[in-house]
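Trainee: Can you keep this structure in mind? I'll have questions shortly.
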Amino acid sequence: MQQPITTSPTFLAQPSEPATPDDLDCAQNLKDTLEANAEQCVGMASNMIGEHKRIIVFNDELTGRVMTMFNPEIVEKTGPYEAEEGCLSLESTRKTTRFETIRVHYQDKRFKERTANFSGWTAQIIQHEIDHCNGVLI
Ligand SMILES: [Zn+2]
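Its first residue numbered 0, the sequence shown is counted upward by one per residue in this note's numbering.
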């Protein structure tokens with residue numbers, strides 16, 4: 000079910016806790032909220048809908064589908080570059096350093112351990128959303 004977007008800087012500055020299989024509903028709500036905001040948003044972390052859990056959803060450019068990750072962690076990154084990003088929870092855009100290629104360790108919807116490589120636009124979105132999990136706003 001679609002949820003309202005949190006914009007409180009204090010709330011968004013708190014790091015999220017590890018997600019568990021009890022958080023599958025939260026992940027579904029997050030996906031529904033992303034899809035409802037698809038025109039202005041390409042990825043979300045669950046603290047943006049008021050849940051401090053390490054869950055992210057994003058549009059995967061390769062498959063054209065929404066991908067959900069539980070407890071994502073970047074284990075390798077190469078090719079730093081300067082990016083300018085916006086965020087549904089912010090009014091302006093900000094500059095930040097991102098990496099061209101990243102390797103991410105995460106759990107899928109069945110809580111199976113997975114590791115995958117991403118590059119370009121999709122990698123940039125994932126980095127932005129993992130920052131949210133760590134309480135970092137761009
Ligand atoms: Zn954001």
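Here a beta-carbon is modelled for each residue, glycine too, at the ideal position from N, C-alpha and C.
What do you get for Gly63, buried or exposed, if any count of 16 or more other CB atoms within 10 angstroms of its CB means buried?
Mentor: Reading the sequence shown from its first residue, position 64 is the one you call residue 63. Per the 10 Å Cβ criterion, exposed.
Trainee: Rounding to the nearest angstrom, what Cα-Cα distance links Ser118 and Gln13 in this structure?
Mentor: Here residue 118 refers to the residue found at position 119 of the sequence shown. Here residue 13 refers to the residue found at position 14 of the sequence shown. So the alpha carbons of these two residues sit roughly 28 Å apart.
Trainee: Let me make sure I understand the geometry here. Which of Ala82, Met66, Glu99 and Ser7 has the alpha-carbon closest to that of Arg93?
Mentor: For the purposes of this step, residue 93 is taken as the residue at position 94 of the sequence shown. Here the closest residue by C-alpha is Ala82.
Trainee: Cβ of Leu87 within 8 Å of Cβ of Gln39?
Mentor: On the sequence shown, position 88 is the one that residue 87 refers to. On the sequence shown, position 40 is the one that residue 39 refers to. Yes, they are a contact pair.
Trainee: For the beta strand (DSSP E) containing Pro71, list its first residue and its last residue.
Mentor: Taking the sequence shown and counting its residues from 1, one reaches residue 71 at position 72. Element bounds for Pro71: Arg64 to Glu84.
Trainee: In whole angstroms, what is the alpha-carbon distance linking Val56 and Tyr80?
Mentor: What you label residue 56 is simply residue 57 of the sequence shown in a count that begins at 1. What you label residue 80 is simply residue 81 of the sequence shown in a count that begins at 1. Cα-Cα distance, rounded: 23 Å.
Trainee: Count the other CB atoms, across all protein chains shown, that sit within 10 Å of the CB of Pro71; report buried if there are 16 or more and exposed otherwise.
Mentor: The residue labelled residue 71 in the question sits at position 72 within the sequence shown. It counts as buried.
Trainee: Answer yes or no: the CB of Ser88 versus the heavy atoms of ligand 1, is any distance below 7 Å?
Mentor: Taking the sequence shown and counting its residues from 1, one reaches residue 88 at position 89. Yes, ligand 1 has a heavy atom inside 7 Å of this Cβ.
Trainee: Under 8 Å by Cβ, that's how I've got Thr77 and Phe98 pegged, so tell me the actual separation to the nearest angstrom.
Mentor: Numbered from its first residue, the sequence shown carries residue 77 at position 78. Numbered from its first residue, the sequence shown carries residue 98 at position 99. At roughly 6 Å, the Cβ-Cβ gap stays under 8 Å, so Thr77 and Phe98 are in contact.
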